[in-house]
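*Asks:* Be aware that the sequence shown starts at 32, since it is given in the numbering used here, and climbs by one per residue. Idealized CB from N, CA, C, for every residue including glycine.
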Amino acid sequence: MIRLVVFAVLVLLLAYGFSWFADRPGDLSLIWEGQIYQTKLIVAVSAIIALIAAVMIAWWFVRLIWTSPHSVTRYFRARKRDRGYQALSTGLIAAGAGNALLARKMAARSRGLIRADQEPLINLLEAQAALIEGRHDEARAKFEAMANDPETRELGLRGLYLEARRLGANEAARQYAEKAADNAPYLPWAAQATLEYRSQAGRWDDAIRLLEQQKAARVVEKAEANRLHAVLLTARAGEKLEGDPAGARDDALQALKLAADFIPAALIAAKALFREGGLRKAASILEQAWKAEPHPEIGRVYVRARSGDSTLDRLKRAERLEGMRPNNVESLLVVAQAALDAQEFAKARAKAEAAARIEPREAAFLLLADIEEAETGDQGRVRHWLAQALKAPRDPAWVADGFVSDKWLPVSPVTGRLDAFEWKAPFGQIEGPVEEGSTAGLDRNRPRKRCRRCAMSGPKARSTIIASSNSNARRPLPRPCARRQHRRRQNQNLNP
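1) Check the Cβ-Cβ distances between GLY143 and every residue of chain D, and say whether any is below 8 Å.
2) What's the gap between the Cα of GLU243 and the Cα of PHE293?
3) Within 10 Å of its beta-carbon, does ARG249 have 16 or more other beta-carbons around it, so buried, or fewer, so exposed?
4) Going by DSSP, which residues form a beta bridge with TYR68?
5) According to DSSP, SER436 sits in a beta bridge with which residue or residues?
6) What do you reckon, are the CB atoms on ILE299 and GLY269 nearer than 8 Å?
7) Pull up the CB-CB distance for LYS455 and PRO427, whole angstroms please, since I reckon it's below 8 Å.
8) Quick check: the Cα distance between GLY447 and ARG234, rounded to an integer number of angstroms?
9) Decide yes or no for the touch test of the segment 309–326 against the segment 336–354: beta carbon pairs closer than 8 Å, at least 3 of them.
10) Pairing CB atoms from the segment 159–168 with CB atoms from the segment 128–140, are three or more of them under 8 Å?
11) So, does the segment 320–334 touch the segment 354–367, judging by three or more C-beta pairs under 8 Å?
12) What residues are listed by DSSP as bridge partners for LEU284?
13) Let me make sure I understand the geometry here. Which of ALA125, GLU350, LYS271, VAL251 has the alpha-carbon closest to that of ASP236?
14) Please report the straight-line C-alpha distance between ASN201 and GLU393, rounded to a whole angstrom.
15) Are at least three pairs of beta-carbons, each pair with one atom in the segment 245–261 and one in the segment 416–424, less than 8 Å apart?
16) What do you get for PHE38, buried or exposed, if any count of 16 or more other CB atoms within 10 angstroms of its CB means buried?
17) Looking only at C-alpha atoms, which of SER230, VAL445, TRP429 sits nearest to TRP439?
18) Can you name, in chain order, every residue of its own chain whose Cβ lies under 6 Å from the Cβ of ARG11, other than the five neighbours on each side?
19) Can you tell me the Cα-Cα spacing of ALA379 and LEU317, whole angstroms?
20) Please report the distance separating the alpha-carbon of PHE52 from that of LEU72.
21) State yes or no: is the C-beta of ALA277 within less than 8 Å of the C-beta of ALA286?
22) Whole angstroms are fine: how far does the CA of VAL40 sit from the CA of GLN69?
23) Could you compute how far the alpha carbon of HIS101 sits from the alpha carbon of GLU182?
24) Apply the 10 Å Cβ neighbour rule to PHE49 and answer buried if 16 or more other Cβ atoms are within range, or exposed otherwise.
25) Check LEU155 in the structure and name its three-state DSSP category.
26) Compute the Euclidean distance between the alpha carbons of ILE88 and ALA78, then round it to the nearest angstrom.
27) If you follow the alpha helix (DSSP H) that GLU328 is in, where does it begin and where does it stop?
28) So TRP321 and ARG345 are supposed to be a Cβ contact under 8 Å. How far apart are they, rounded?
29) What residue from ARG197, LEU188, GLY199 has the CA that sits closest to ASN7's CA?
30) I'd like the list of long-range same chain contacts for ALA138, defined as Cβ closer than 7 Å, with 5 residues on each side in sequence excluded.
31) Could you tell me the distance, in whole angstroms, from the CA atom of ALA291 to the CA atom of PHE396?
32) Whole angstroms is fine: what's the gap from GLY127's alpha carbon to MET177's?
33) What's the C-alpha gap between LEU61 and ALA81?
34) Does the distance from the C-beta atom of ALA431 to that of ALA451 stay below 8 Å?
35) Please give me, in chain order, every unbroken run of the alpha helix (DSSP H) with length at least 4 that falls completely inside the segment 231–302.
36) Kindly list the residues whose CB is nearer than 7 Å to the CB of ALA498, restricted to its own chain and excluding five residues on each side of it in sequence; keep chain order.
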C-alpha cells in the first residue's frame with residue numbers, strides 16, 4: 032500500500048513537472064566544437080529523463096545477468112526447503128494421529144531435503160515416530176540430542192522427563208525437571224514437578240523459593256500461588272513445632288495471612304502459641320478458624336488449651352464454641368464429649384442425639400455408645416449404637432487420591448501432588464440404613480440383656496470402629512452374638 036502511494040506521488044510530480052515546462056516554453060542552445068546545437072527546453076528535459084531511464088534499465092539488465100546463477104540456485108534451494116517443510120508438516124500430523132509408518136517416511140524425506148542442524152523439529156518427528164513404534168531407546172537418544180541443543184533444550188528435557196516417569200526412575204525425572212526449571216522457571220510442567228519433588232523431600236526453603244520464581248514469572252495465578260505458599264509454610268512450621276516453636280509460630284501466622292481459612296495453619300499456630308504461653312492469641316486464632324469452618328481438631332485443641340482446667344471449665348469452653356456456630360454437628364459433638372468427661376450425661380446424650388439427627392455418622396453413634404457405657408453400662412444398648420455407627424456414613428477425614436490420613440499432610444503419598452488433602456468423608460464404604468428413631472430417647476423400662484461373651488463397649492469399641500473406618504478394606508459388620516445364643520438355647524430346648 033505504501034509503495035502504491037509513493038508511485039502515485041512520483042507520477043503526479045513528473046506530470047506536474049512536464050506541465051510546468053510546457054507552460055513556460057524556451058530554447059536551449061549548446062556550443063560544442065564550434066557547432067551550435069539548439070532545441071526546445073521541453074525536448075531537452077524529456078531527453079535527459081529518457082537517458083536516465085535507459086541507464087537504469089541497462090544497469091538492471093546487467094545486474095540480472097550477473098546474479099542469475101545465484102538466483103537460480105536460491106530458487107531451487109527454496110523450492111527444496113518448501114518440499115522439506117511440507118514433508119515435516121505431514122510427518123508431524125501423522126505422528127499426532129499415531130501413524131508411525133507415514134511419520135517415519137516423512138521424517139526420512141524431510142531429513143533429505145532439510146539439514147537437521149537447520150531444523151531441529153526433524154529430531155522431534157523421529158523421536159515421536161520411535162515412541163509410537165515402541166523404540167524408546169532411540170527416542171531417548173533423540174531427546175538427549177535435543178537437550179544438548181540450546182534451541183530445543185526445553186523440549187528435550189521434557190521428553191527425557193516423561194520417559195523417566197514412564198520407567199519409574201523418579202530420581203532421574205527429578206533431575207530433568209529441576210534442570211528445566213533452573214533454565215526456564217516459566218515452564219509449568221517443570222516448575223510443578225520440581226515443586227512437588229522438593230516438597231516430597233522436605234526441602235521447604237527450596238520449594239518456597241521456586242514458588243516465588245513461578246509467581247514472578249506468572250506461571251501460577253496469584254490466588255493459587257498464595258495457597259501453595261501457605262501449604263509450604265504450614266509444612267515447614269509443622270517440622271519446627273517441636274524444636275523451634277517461635278519459628279513454627281511465625282511460619283504458621285504468615286500462612287494464615289495468605290490463606291485465612293487454612294485449618295492446619297491455624298492449629299499449628301495455636302499449638303506454638305500455647306507452648307509460648309500466648310493463650311489468648313491462640314484462642315483467638317482457633318475461634319476465628321472455628322467460625323470459618325468447625326473442625327473436630329480445632330475443638331479438641333481449644334477445649335484442652337489449659338492443662339490445669341477442670342472438666343467443667345472445659346465444658347464451658349466447648350459451650351462457647353457452640354455459641355459461635357449453633358446447630359452445627361461439630362459444635363454439638365464437642366459439647367457432648369466435654370459433657371461426658373464432666374459426667375453430665377443428660378447434656379451429653381442430648382447433644383449427641385441432636386448431632387445424630389442433624390447428620391447421622393460414626394462419631395455421633397460412637398459417642399452415644401461411650402455415653403451409654405459410662406452412664407448405664409447396658410451392653411445391649413452399647414452394641415445398638417455400635418451397629419448404627421457401622422452402618423452410618425463415615426466421619427470426614429483428610430483424604431487425597433483415595434488415601435485416608437488421620438492428620439493433614441502437605442503432599443499426597445500416592446501421587447506426590449502438593450496440597451492434595453481435603454477434609455471430606457472418605458469413599459469406598461458400603462453403608463447401611465440407620466434405624467429410624469435410633470436417636471430418639473431411650474426406653475429405660477424395657478428389659479435389657481447383655482452378651483457376656485463378646486460385648487464391646489467404651490474406648491475399646493470406639494478404637495475398634497475407628498480402626499476399621501480408617502482402613503481401605505470393607506469394614507466388618509457387628510456380630511449378632513446375643514441373637515445367636517438365643518436361637519441356640521431355643522434349639523436345645525426343642526431337642527434335649
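*Replies:* Walking through what the data contain:
1) Looking at the structure shown, chain D is missing, and only one protein chain is on hand.
2) 20 Å
3) exposed
4) LEU61
5) BP columns for SER436 point to TRP429.
6) Going by beta carbons, ILE299 and GLY269 fall inside the 8 Å limit.
7) 6 Å
8) 14 Å
9) yes
10) yes
11) yes
12) LEU284 pairs with nothing; no bridge assigned.
13) LYS271
14) 39 Å
15) no
16) exposed
17) TRP429
18) No information on residue 11 is available, as it lies outside the stretch 32 to 527 that the chain covers here.
19) 23 Å
20) Going from the Cα of PHE52 to the Cα of LEU72 covers about 8 Å.
21) no
22) 33 Å
23) 30 Å
24) exposed
25) The three-state reading of DSSP puts LEU155 in helix, counting H, G and I together.
26) 15 Å
27) 327–334
28) About 15 Å separates the two Cβ atoms, so there is no contact after all.
29) Because the chain here runs from 32 to 527, residue 7 falls outside it and cannot be looked at.
30) GLY122, ILE153, LEU156, GLU157, ALA160
31) 32 Å
32) 19 Å
33) Distance between the alpha carbons of LEU61 and ALA81 is about 19 Å.
34) yes
35) 235–247, 253–271, 276–289
36) The predicted model places ALA498 with a pLDDT of 41, which falls under 50 and marks its position as unreliable; any figure quoted below should be read in that light. Cβ within range, chain order: n/a, list empty.
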